[in-house]
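Residue numbers (my numbering), protein chains in the order written: chain A, 844 to 1232; chain B, 164 to 476.
Printed below as a string of C-alpha cells:
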C-alpha cells in the first residue's frame, strides 16, 4: 500500500490549504446561526388580525345588535361621528377600512321578508373587507333561513339561535407547522453551502495528488517498479475515495452540529444522501481538473473560478428564486445547480411519498450523470496527455 | 548476459530514434552509452525498461524477454532517471523509503536498505530535508539513492550527472564504481566522454539511433587513424616552417589557429621529440607545448565528421 500511503501523505501536506475552506464554512455557519437563532423563536404558524371598521347604527334592535356582536369576532370597531367628511377622512387615513351603515327601518323590513340592503363604504382591494362581507352575508342568510322556516319567530329567539349556530367550531390541526419549515430552510442553507466548501476541498485535495502522479518522471519511475499498474491505480482511487468520504463526513457533521434540532428529521437523511451524491460528482470533477491542470497554482486558480462561479449562479450564495431565468438556465449545466435544487425540494418536503421523492431522486440522477461525464472526459484527457508526453 | 538487444527499431513518425540497434551487456560491466543529445540513448533505455513500445527487434534481460508485466525482472532493476524524479512533498528519507518500499516489503529490511542508501550517497545530514531545500548535486544524489536503495542487480543510469558541479559529479562517479564493485551491472548513458572514459569498462557510441562503435575505450581508440595530438603555442609560423613539420614521419596534419599549432600524427605516441627538434631546426618560436592521446571525441569526430562536444548541452 505504498502508493495509498503516499497519497495520504500528499493530502496531509495540503491540509492547511483545504482547512481554509472548512474554516470559511464554519465562520459563515456561526454567523448564520447567530443571526437566525432570534428569528426562529418569534415565528408562529398563524396570527389572527382584526380589520378596523366603523359600525353606524340608525336603529337599535336585537337583530342588529346580534350582527354587531358577530362582527366583533373579526373586526375592531372604531367610534366615528356620523359626518360625511369625518368618515371619508377616516377611510383616507386608514383609521378604518370598512364603514357599515344600518339604515333606519332595516330590522322591520328584514323580519317581514322584504328585500333590504345595508350600506357600506370601503377601501378597495382589502382582503379583510372580503372577510367582513362574508361574515355579514353568513349572518343575514342564516337569519333569513330561520325567518322563512319558523313563522312568527321573535328577534330575541332568532339572535339566540344564530349565536348558538355560530358558536360551533371545527378543530384545525396544522400538518406542517410553518416553524418546522423555517428550520428546514436553515438546514438547507448549510447543505447548499457545501457546494462551495466541499467542492473546494475536494478539488484542492484530489488535484494535489493527481499532479504528483501525473509527473512524467515519477510516473515512469513507478512504472519501472515491480508494482503492477492496476494495483497502483486501485491504491490511487482508494486514496481519492477516502479523501472524498472524509471531507464529506466532516462537512456533514458540521452541518448537523449547527442544526442539531433537525438532525434526526427525515429531511436530514435526504439532505445527507444528496450531499453524498454531490461529493461523488465533486471528486469526479476534481479528477478531471487534476488531469488538465499542469501545476498547483493553476489548480488553485481553476478551483476558485469553478467553485465560486458555480456557487454564484447555482443559488448557493443567492437563493435560486432571486436569480434570473437565464442565469438558472446557464447554471443547469453545473452539478451545483442540481444539488441546490434537490436541497430546496428536500427542505420543502413534508410528505415522503414516491412522487415527492422522485423529483429529488431525478435531480440526484442528473448529478450522477455529471459525475460519469466528468470521469469519462478525465480519462480521455489523461490518456491524451500521456500520449502527448 | 544481463541485457541483450538485437535489431531494435523505434520510430517517432519519420524520425528513427533507434535504428537496428544491437548490443549486449555482460554481468559485472559498467556499460556506457555515449552520444550527443538526440542520438537515441534514452529511447534505447526506455525500450529496455518497457516504458516504450518499439517497432521491431528483441530485448532480453537476465535471459528473459523484457515485458511490461514481468515484475520479477523489474524487481532486480534500479533506474536513475535523467530528470530528478522525487516527491517534493516527502523528505529525503521518505522518498528513499517510498521507492525502496515498491521493491522491498519487509519493514526492517527496508529500513536497513534505506539507511545504507543514505550512507552510500552521503545524504545522512539531509535525511529530514525536503527536496526543495537541496542543492542540484544533493538532488542528483537523492535521485540515485531512490534508484539503488533496493540493491538491484542491474542499475540503469540515464545521464545522472547533468548540470551539476564537478565535486558532486566525482562523488557520483565514485559511487557508481563502488556499486559496480559490490556486484551491480551498470548501464550508464551520457554525452560526457570524460565520464565514460573514467568509469566504463565497455562503451557504445551512438549517433542518430545507430551504434557506430562498441568496445573498450582502448579498442575504440584503435579504430581511428589518429595516434597523437601535439598542441604548440607559437608566435607566428611561415608556410615553409609548416611544410617542414608536415614532412616529418607519421605527421598527417598541421593546422595553426589563434596562435595554436595543432599537429596530428597517424601512428606512434612518441612524436614530440621529433617535432621539437624540427621546430628548433627551423627557428619556430614556441611557448607552451603539450601532447594528448586520442580521446573518444576524436573517435566520434573521425567516424561521424562531427564533434561530440559541440552536440552536448
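Just so you know, even glycine gets a beta-carbon here, dropped at the ideal spot from N, CA and C.
Quick caveat, the model's predicted, so the values are computed rather than measured.
Inset, instruction - Give the straight-line distance between the Cα atoms of residue 1186/A and residue 861/A, rounded to the nearest whole angstrom. - result: The sequence position of residue 1186/A within the first chain is 343, counting from 1. The sequence position of residue 861/A within the first chain is 18, counting from 1. Computed Cα separation, rounded: 24 Å.
Inset, instruction - Starting from residue 452/B, trace the beta strand (DSSP E) both ways and give me its first and last residue. - result: For the purposes of this step, residue 452/B is taken as the residue at position 289 of the second chain. 449-455 is the extent of the beta strand (DSSP E) around residue 452/B.
Inset, instruction - Name, please, each residue of chain A whose Cβ falls closer than 8 Å to the Cβ of residue 237/B. - result: Here residue 237/B refers to the residue found at position 74 of the second chain. Chain A residues near residue 237/B: 1067, 1068 and 1069.
Legend entry - Residue-level contact to chain A via CB, residue 215/B, 7 Å cutoff: For the purposes of this step, residue 215/B is identified with residue 52 of the second chain, where counting begins at 1. No, its Cβ sits nowhere closer than 7 Å to a Cβ of chain A.
Inset, instruction - Find the residues of chain A that neighbour residue 266/B, judging by a C-beta separation of less than 9 Å, and give them in chain order. - result: Translated into positions along the second chain, residue 266/B becomes position 103. 1068, 1069 and 1070, listed in chain order.
Legend entry - Partners in chain A for residue 276/B, counting only beta-carbon separations shorter than 7 Å: Sequence index remark: in the second chain, residue 276/B carries index 113 (1-based). Ordered by position in chain A, no residue passes the 7 Å Cβ test against residue 276/B, which lies about 14 Å from the chain.
Inset, instruction - Using a Cβ cut-off of 7 Å (strictly closer), state whether residue 1064/A contacts chain B. - result: The count along the first chain starts at 1 and reaches residue 1064/A at position 221. So, interface residue.
Inset, instruction - For residue 917/A, name the three-state secondary structure that DSSP assigns. - result: Against the first chain, residue 917/A aligns to sequence position 74. Look at residue 917/A here: in three-state DSSP terms it is coil, with no helix or strand label.
Inset, instruction - Scan the segment 1023-1094 of chain A and note each continuous alpha helix (DSSP H) run of 4 residues or more that stays entirely inside, going in chain order. - result: 1059-1067
Legend entry - Which of helix, strand or coil DSSP assigns to residue 1102/A: As a position in the first chain, residue 1102/A is number 259, starting the count at 1. Here residue 1102/A sits in coil by DSSP.
Legend entry - Neighbour flag for residue 337/B against chain A, beta carbons, 7 Å: Mapped onto the second chain, residue 337/B falls at position 174. So no, residue 337/B is outside the interface.
Inset, instruction - Per DSSP, which residues does residue 369/B bridge with? Please list them. - result: Numbered from 1 along the second chain, position 206 holds the residue referred to as residue 369/B. Answer by DSSP bridge pairing, in chain order: 374/B.
Legend entry - Span of the alpha helix (DSSP H) around residue 982/A: Residue numbering aside, residue 982/A sits at position 139 when the first chain is read from its first letter. Where residue 982/A is concerned, the enclosing alpha helix (DSSP H) starts and stops at 970-992.
Inset, instruction - Closer than 7 Å, Cβ to Cβ, to anything on chain A: give me those residues from the segment 313-331 of chain B, in chain order. - result: none
Legend entry - Rounded C-alpha distance that separates residue 462/B from residue 189/B: As a position in the second chain, residue 462/B is number 299, starting the count at 1. As a position in the second chain, residue 189/B is number 26, starting the count at 1. Roughly 23 Å between the two C-alpha positions.
Inset, instruction - Determine, using beta-carbon pairs with one atom in the segment 936-955 of chain A and one in the segment 865-874 of chain A, whether at least three such pairs fall under 8 Å. - result: No, the segment 936-955 of chain A is not in contact with the segment 865-874 of chain A.
Legend entry - Cβ-based burial, residue 863/A [other Cβ within 10 Å; buried from 16]: Mapped onto the first chain, residue 863/A falls at position 20. Classification of residue 863/A: exposed, given that the 10 Å Cβ count is below 16.
Legend entry - residue 941/A beta carbon less than 7 Å from that of residue 975/A: If you number the first chain from 1, residue 975/A lands on position 132. If you number the first chain from 1, residue 941/A lands on position 98. For residue 975/A and residue 941/A, yes; Cβs fall inside 7 Å.
Inset, instruction - Could you pull out every unbroken alpha helix (DSSP H) segment of at least 4 residues lying fully inside the segment 1115-1165 of chain A, listed in chain order? - result: 1139-1157
Inset, instruction - Spell out a yes or no on whether the segment 199-214 of chain B and the segment 180-187 of chain B are touching, meaning 3 or more CB-CB pairs, one atom from each, closer than 8 Å. - result: yes
Legend entry - Straight-line gap, residue 1218/A to residue 1133/A (C-alpha atoms, nearest Å): Translated into the one-based positions of the first chain, residue 1218/A becomes position 375. Translated into the one-based positions of the first chain, residue 1133/A becomes position 290. Their backbone Cα atoms lie some 11 Å apart in a straight line.
Inset, instruction - Look at residue 1091/A and residue 1122/A and say whether their C-beta atoms are less than 7 Å apart. - result: By 1-based counting over the first chain, the position of residue 1091/A is 248. By 1-based counting over the first chain, the position of residue 1122/A is 279. Result yes, Cβ atoms of residue 1091/A and residue 1122/A sit closer than 7 Å.
Legend entry - For residue 1195/A and residue 1109/A, the rounded distance between their alpha carbons: What you label residue 1109/A is simply residue 266 of the first chain in a count that begins at 1. What you label residue 1195/A is simply residue 352 of the first chain in a count that begins at 1. One C-alpha to the other measures close to 8 Å.
Legend entry - For residue 354/B, the nearest candidate out of 331/B, 339/B and 323/B (CA to CA): As a working mapping, residue 354/B is identified with position 191 in the second chain. Checking every option, the nearest Cα to that of residue 354/B belongs to 323/B.
Inset, instruction - Could you say which of 928/A, 946/A and 1152/A lies nearest to residue 959/A if we only look at CA atoms? - result: Numbered from its first residue, the first chain carries residue 959/A at position 116. The shortest Cα separation from residue 959/A among 928/A, 946/A and 1152/A belongs to 946/A.
Inset, instruction - Determine contact between the segment 1134-1146 of chain A and the segment 1168-1177 of chain A, defined as no fewer than three beta-carbon pairs at a distance below 8 Å. - result: Fewer than three Cβ pairs drawn from the segment 1134-1146 of chain A and the segment 1168-1177 of chain A lie within less than 8 Å of each other, which leaves the two stretches out of contact.
Inset, instruction - With a cut-off of 8 Å on the beta carbons, I'd call residue 459/B and residue 360/B a contact; round off their distance for me. - result: Start at 1 with the first residue of the second chain, and residue 459/B comes out as number 296. Start at 1 with the first residue of the second chain, and residue 360/B comes out as number 197. With 8 Å as the limit, residue 459/B and residue 360/B qualify as a contact, their Cβ atoms being about 6 Å apart.
Legend entry - Spatial distance of residue 893/A from residue 1162/A (CA atoms): Working through the first chain from its first residue, we reach residue 893/A at position 50. Working through the first chain from its first residue, we reach residue 1162/A at position 319. In a straight line, the C-alpha of residue 893/A is about 34 Å away from that of residue 1162/A.
Legend entry - Sequence-distant residues of its chain with Cβ nearer than 7 Å to residue 875/A (five each side left out): To locate residue 875/A, count along the first chain from 1; it is residue 32. Within the same chain, residue 875/A has close Cβ partners 1032.
Legend entry - Three-state secondary structure assigned by DSSP to residue 1250/A: What is shown of chain A runs 844 to 1232, which leaves residue 1250/A out entirely.
Inset, instruction - Along the alpha helix (DSSP H) that carries residue 304/B, what are the first and last residues, could you check? - result: Along the second chain, read from residue 1 onward, the residue named residue 304/B stands at position 141. Residues 299-311.
Legend entry - Inter-residue spacing [alpha-carbon to alpha-carbon] between residue 1207/A and residue 1155/A: As a working note, residue 1207/A is residue 364 in the first chain. As a working note, residue 1155/A is residue 312 in the first chain. Each residue's Cα considered, the two are about 20 Å apart.
Legend entry - Under 7 Å between C-beta atoms of residue 105/B and residue 202/B: Nothing about residue 105/B can be read from this structure; chain B reaches only from 164 to 476.
Legend entry - Cut-off 6 Å between Cβ atoms - residues of its own chain near residue 916/A, not counting five sequence neighbours on either side: The sequence position of residue 916/A within the first chain is 73, counting from 1. Apart from sequence neighbours up to five positions away, no residue of its chain approaches residue 916/A with a beta-carbon distance below 6 Å.
Inset, instruction - Would you identify the three-state DSSP class for residue 394/B, choosing helix, strand or coil? - result: Position 231 of the second chain, counted from the start, is the residue given in the question as residue 394/B. Residue state, collapsed to three classes: strand.
Inset, instruction - Tell me whether the beta-carbon of residue 172/B lies closer than 7 Å to the beta-carbon of residue 349/B. - result: In the second chain, residue 172/B corresponds to position 9, counting from 1. In the second chain, residue 349/B corresponds to position 186, counting from 1. No, Cβ-Cβ distance for residue 172/B and residue 349/B is not below 7 Å.
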